Amino acid sequence: MKQIPKAKQLFRGDINDAVIRVQQLTGVHIDPAWWNAHVGNSGTTDQILEKFDKAYETLLKSKRPDEYA
35 MKQIPKAKQL FRGDINDAVI RVQQLTGVHI DPAWWNAHVG NSGTTDQILE KFDKAYETLL
95 KSKRPDEYA
């Protein structure tokens, strides 16, 4: 199984950059509606990155179960 990249580990001062890099690495892209429904913009940087990583992992496992179990 592939390792799921974590935005929190890729973060270098810009949340958007970290989130985009994760999407580029996996090939699974999100839209603003997904972001608003699963992550949102409230909380600290760490909290937002943790929410994204958790929600994105669930998304990957549902879209590509053979790669990310």
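Everything in the sequence shown is counted per the numbering used here, starting at 35 for the first residue and increasing by one.
Virtual Cβ for every residue (Gly too), placed ideally from N, Cα, C.
Please read these numbers as outputs of a predicted model, since none were measured by experiment.
Whole-number beta carbon distance between Ile38 and Tyr102, since they are thought to touch under 8 angstroms: Taking the sequence shown and counting its residues from 1, the one referred to as residue 102 is at position 68. Taking the sequence shown and counting its residues from 1, the one referred to as residue 38 is at position 4. The Cβ separation is near 6 angstroms, so the contact holds.
Length of the line joining the Cα atoms of Lys36 and Val62: Within the sequence shown, residue 36 is the residue found at index 2, counting from 1. Within the sequence shown, residue 62 is the residue found at index 28, counting from 1. Their backbone Cα atoms lie some 14 angstroms apart in a straight line.
7 angstroms Cβ shell around Phe86 - same chain, five flanking residues per side excluded: Here residue 86 refers to the residue found at position 52 of the sequence shown. Here the set comprises Ala41, Val53 and Val73.
Own chain, CB closer than 8 angstroms to Lys46, minus 5 neighbours either side, in chain order: One-based indexing of the sequence shown puts residue 46 at position 12. The sequence as given places Arg at residue 46; Lys does not occur at that position. These residues qualify, in order along the chain: Ala52.
Buried versus exposed, by CB contacts within 10 Å (16 or more), Leu59: As a first step, residue 59 must be located in the sequence shown, where it is residue number 25. Here Leu59 is exposed, its C-beta having fewer than 16 other C-beta atoms within 10 Å.
Extent of the continuous alpha helix (DSSP H) to which Asn50 belongs: Start at 1 with the first residue of the sequence shown, and residue 50 comes out as number 16. Under the DSSP assignment, Asn50 falls in the alpha helix (DSSP H) whose first and last residues are Ile49 to Thr60.
Coil, strand or helix - His72 by DSSP: Here residue 72 is taken as the residue at index 38 of the sequence shown, counted from 1. Of the three classes helix, strand and coil, the one that applies to His72 here is helix, per DSSP.
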